[in-house]
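Line order of the protein sequences matches chains A and B. Reading the first sequence from the start, the letters are residues 1048 to 1266 in this note's numbering. Reading the second sequence from the start, the letters are residues 1048 to 1266 in this note's numbering. Okay, structure first, notes after.
There are 2 protein chains.
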Amino acid sequence: MADGVVLLDTWASMFGMRVRIALAEKGVEYEYKEENLRNKSPLLLQMNPIHKKIPVLIHNGKPICESAIIVQYIDEVWNDKAPILPSDPYERAQARFWVDYIDKKVYDTWRKMWLSKGEEHEAGKKEFISIFKQLEETLSDKAYYGSDTFGFLDIGLIPFYSWFYTFETYGNFKMEEECPKLVAWAKRCMQREAVSKSLPDEKKVYDYVVAVTKVLESN
Amino acid sequence: MADGVVLLDTWASMFGMRVRIALAEKGVEYEYKEENLRNKSPLLLQMNPIHKKIPVLIHNGKPICESAIIVQYIDEVWNDKAPILPSDPYERAQARFWVDYIDKKVYDTWRKMWLSKGEEHEAGKKEFISIFKQLEETLSDKAYYGSDTFGFLDIGLIPFYSWFYTFETYGNFKMEEECPKLVAWAKRCMQREAVSKSLPDEKKVYDYVVAVTKVLESN
Chain A
1048 MADGVVLLDT
1058 WASMFGMRVR
1068 IALAEKGVEY
1078 EYKEENLRNK
1088 SPLLLQMNPI
1098 HKKIPVLIHN
1108 GKPICESAII
1118 VQYIDEVWND
1128 KAPILPSDPY
1138 ERAQARFWVD
1148 YIDKKVYDTW
1158 RKMWLSKGEE
1168 HEAGKKEFIS
1178 IFKQLEETLS
1188 DKAYYGSDTF
1198 GFLDIGLIPF
1208 YSWFYTFETY
1218 GNFKMEEECP
1228 KLVAWAKRCM
1238 QREAVSKSLP
1248 DEKKVYDYVV
1258 AVTKVLESN
Chain B
1048 MADGVVLLDT
1058 WASMFGMRVR
1068 IALAEKGVEY
1078 EYKEENLRNK
1088 SPLLLQMNPI
1098 HKKIPVLIHN
1108 GKPICESAII
1118 VQYIDEVWND
1128 KAPILPSDPY
1138 ERAQARFWVD
1148 YIDKKVYDTW
1158 RKMWLSKGEE
1168 HEAGKKEFIS
1178 IFKQLEETLS
1188 DKAYYGSDTF
1198 GFLDIGLIPF
1208 YSWFYTFETY
1218 GNFKMEEECP
1228 KLVAWAKRCM
1238 QREAVSKSLP
1248 DEKKVYDYVV
1258 AVTKVLESN
């Protein structure tokens, strides 16, 4: 495995998709290992003993964990093409800020909307939409986030696009009505092969979430 | 304010201390503005409308938020002396991983130990000590974290040293008994002027926490 690049991942993970997109943008060949999160492999537990979570990038036998950190690592190691982080320190800080915002807000708020009923569900939905409206507001008139070049914040956010159908179905709203500029940005990103080939079909994600919901509700 | 460096902060904040240490290591002059978190200034609300939190570094009139992001920004802008991030991409990723671990674990677990009684308090205390034992385990035999050079992870963790007395008093344990190597590392860090002048007195922190506790318990 020395000198190799291995990705421990699971296909529906937005965080894993970030890493897949970054590797595809850089043209890095790697071995993909699908993890079963209900029966984690000894390799995953060995490589990420602290959080026991995917994605983990194993490079030259050494693990890198946490998707935003992995994407930065990929940008620093394969630095000869397709820069991901902006070169200007202030723009880098802004991109890091918004990826951190996504990491702090989106998944937890989705869970609140997903797994609740009644008032709690409505409150979660309202908060969830407001997060995406906030993310839409930070779009400028450029093609990608803050720039005409596809970069760190684009990679941080675009994987959630493959979950939009699921969010909409569970939340009973239309992302295109709530955040039309954001959806237009997502469609631009999907024109990149590195993105479209890294994201799963939205209906497949939905079917997966329906199945997970059934398991959670039967416990 | 153009071309100036301003720090919005509050003296007892571990996260603010990180920024103070980084600026001191780099020898950057700045204007310090103490914030009252019970009555936040219009400037803070304007500069960090998303989280409304300190610390905020204002450089040339533009805000940078979130302490770990600010420290990286400082390292990138004032890059002519005292490098903070390791130069090797893998070591950078490791340092980022552990600072992220601190950000995800320490403060929330401290609150659990601090504001609870009985079994919940004991569970919080046990978890809290295990986090610091984990951080101690990652120390090597070098002077600082992973290196003989004071860097990103050192800056991320050392501010908590000024709260050790408070943690010990509320948790009824001794950090020196639980994590002697970590305390020895902290004392080495405190020999640096940039650190010692950026951290408040531990008894002053304790008195502050006692006062905050009284306010919280009376609400």
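The C-beta atom is built at its ideal place from N, Cα and C for all residues, glycine as well.
Limits of the unbroken beta strand (DSSP E) element including residue i
{"i": "B/I1121", "result": "That residue, B/I1121, is in no beta strand (DSSP E); its alpha helix (DSSP H) goes S1114 to V1124."}
{"i": "B/Y1079", "result": "E1078 to E1081"}
{"i": "B/D1254", "result": "Here B/D1254 belongs to no beta strand (DSSP E); instead the alpha helix (DSSP H) covers E1249 to S1265."}
{"i": "A/D1056", "result": "V1052 to D1056"}
{"i": "A/I1105", "result": "V1103 to H1106"}
Cα-Cα separation, residue i to residue j
{"i": "B/W1232", "j": "A/E1249", "result": "50 Å"}
{"i": "A/R1085", "j": "A/L1104", "result": "20 Å"}
{"i": "A/Y1208", "j": "B/S1114", "result": "29 Å"}
{"i": "A/P1102", "j": "B/V1124", "result": "31 Å"}
{"i": "A/Y1253", "j": "B/D1201", "result": "43 Å"}
{"i": "A/S1245", "j": "A/H1106", "result": "20 Å"}
{"i": "B/G1218", "j": "B/E1225", "result": "12 Å"}
{"i": "A/E1078", "j": "B/V1053", "result": "47 Å"}
{"i": "A/V1256", "j": "A/L1263", "result": "10 Å"}
{"i": "B/F1197", "j": "A/L1182", "result": "36 Å"}
{"i": "A/A1069", "j": "B/P1247", "result": "42 Å"}
{"i": "A/D1150", "j": "A/L1132", "result": "17 Å"}
{"i": "B/V1153", "j": "B/R1065", "result": "15 Å"}
{"i": "A/L1055", "j": "A/I1121", "result": "15 Å"}
{"i": "B/I1178", "j": "B/M1222", "result": "12 Å"}
{"i": "B/D1188", "j": "B/I1111", "result": "34 Å"}
{"i": "A/V1259", "j": "A/D1155", "result": "16 Å"}
{"i": "A/Q1093", "j": "B/L1091", "result": "43 Å"}
{"i": "B/P1130", "j": "A/K1261", "result": "51 Å"}
{"i": "B/G1193", "j": "B/L1186", "result": "7 Å"}
{"i": "A/F1062", "j": "A/G1203", "result": "8 Å"}
{"i": "A/M1160", "j": "A/F1175", "result": "8 Å"}
Closer than 7 Å at the beta carbon, the chain B residues around residue i
{"i": "A/A1136", "result": "Note on identity: in this sequence residue 1136 of chain A is Pro, with Ala being the wrong assignment. Those within 7 Å of A/P1136 in chain B are Y1120, E1123 and V1124."}
{"i": "A/R1065", "result": "Residues of chain B passing the Cβ test: none, with the nearest at roughly 14 Å."}
9 Å Cβ cut-off: residues of chain B touching residue i
{"i": "A/E1174", "result": "Near A/E1174 there are no residues of chain B at all, since even the closest Cβ is about 14 Å away, more than 9 Å."}
Local Cβ density within 10 Å of residue i, reported as buried at 16 or more and exposed below that
{"i": "B/Q1141", "result": "buried"}
{"i": "A/G1108", "result": "exposed"}
{"i": "A/S1060", "result": "buried"}
{"i": "A/E1081", "result": "exposed"}
{"i": "B/P1206", "result": "buried"}
{"i": "A/R1158", "result": "exposed"}
{"i": "B/M1048", "result": "Unreliable positioning characterises B/M1048 in this predicted model, as indicated by a pLDDT of 45, which lies under 50. The coordinate reading is nonetheless provided below. Burial call: exposed."}
{"i": "B/P1089", "result": "exposed"}
{"i": "B/G1051", "result": "exposed"}
{"i": "A/T1213", "result": "buried"}
{"i": "B/N1266", "result": "exposed"}
Start and end residues, alpha helix (DSSP H) containing residue i
{"i": "B/D1155", "result": "P1136 to W1161"}
{"i": "A/H1168", "result": "G1165 to E1184"}
{"i": "B/D1201", "result": "F1199 to L1204"}
{"i": "B/F1062", "result": "M1061 to K1073"}
{"i": "B/P1218", "result": "Residue 1218 of chain B is actually Gly in this sequence, not Pro. F1211 to G1218 is the extent of the alpha helix (DSSP H) around B/G1218."}
{"i": "A/S1243", "result": "E1240 to S1243"}
{"i": "A/F1228", "result": "For clarity, residue 1228 of chain A is Lys in the given sequence; the question names Phe instead. Its alpha helix (DSSP H) spans residues P1227 to M1237."}
{"i": "A/L1092", "result": "P1089 to M1094"}
Beta-carbon neighbours of residue i, restricted to chain B and to distances below 8 Å
{"i": "A/C1112", "result": "F1144"}
Residues that residue i contacts on chain A, provided the C-beta gap is smaller than 8 Å
{"i": "B/K1109", "result": "Y1137"}
{"i": "B/I1116", "result": "A1140, R1143, F1144 and D1147"}
{"i": "B/I1101", "result": "Within 8 Å Cβ-Cβ: nothing; B/I1101 doesn't reach chain A, min ~15 Å."}
{"i": "B/I1068", "result": "Result: empty, since nearest Cβ-Cβ is about 18 Å, beyond 8 Å."}
Beta-carbon neighbours of residue i, restricted to chain A and to distances below 7 Å
{"i": "B/I1131", "result": "Here the premise fails: no neighbours, minimum Cβ distance about 13 Å."}
Checklist entry - For the 8 Å Cβ check, are there 3 or more pairs between the stretch 1155-1174 of chain A and the stretch 1071-1078 of chain A? => result no
Checklist entry - Does the stretch 1221-1238 of chain A come close enough to the stretch 1132-1146 of chain A that 3 or more CB-CB pairs lie under 8 Å? => result no
Checklist entry - Can at least three beta-carbon pairs, one atom from the stretch 1116-1130 of chain A and one from the stretch 1089-1100 of chain B, be found at a separation below 8 Å? => result no
Checklist entry - For the 8 Å Cβ check, are there 3 or more pairs between the stretch 1168-1175 of chain A and the stretch 1126-1140 of chain B? => result no
Checklist entry - At a Cβ cut of 7 Å, what residues of the stretch 1071-1104 of chain A count as close to chain C, listed as they run along the chain? => result Among the chains of the structure shown, chain C does not appear; the protein chains present are A and B.
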